[in-house]
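Have a look at the structure below, then the notes.
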């Protein structure tokens, strides 16, 4: 879930909670306005296996790179 929250932060998605429900990812929001904003910002398939793996690799690469710089 930590990586999911990181992805949401990258896309500026405002949420109250995140939890898996029956194979889906439930992202709770405060009101309908925020829900509509989030729907416009999020790609429909961002949390499928392919995109999730690509994001994992990107995070690992950036993490290694920042460690090399320090």
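Numbering (my numbering), first residue to last: 21 to 90.
Glycine residues also receive a C-beta, built at the ideal position from the N, C-alpha and C atoms.
Within 10 Å of its beta-carbon, does residue i have 16 or more other beta-carbons around it, so buried, or fewer, so exposed?
i, result
"residue 28", "buried"
"residue 33", "buried"
State the Cα-Cα distance for the pair residue i and residue j, rounded to the nearest angstrom.
i, j, result
"residue 40", "residue 25", "13 Å"
"residue 52", "residue 76", "30 Å"
"residue 48", "residue 73", "23 Å"
"residue 78", "residue 22", "15 Å"
"residue 80", "residue 71", "14 Å"
Can you tell which of the options has the C-alpha that lies nearest to the C-alpha of residue i?
i, options, result
"residue 43", "78, 81, 74, 69", "69"
"residue 60", "21, 23, 22, 31", "31"
"residue 35", "55, 83, 71, 82", "55"
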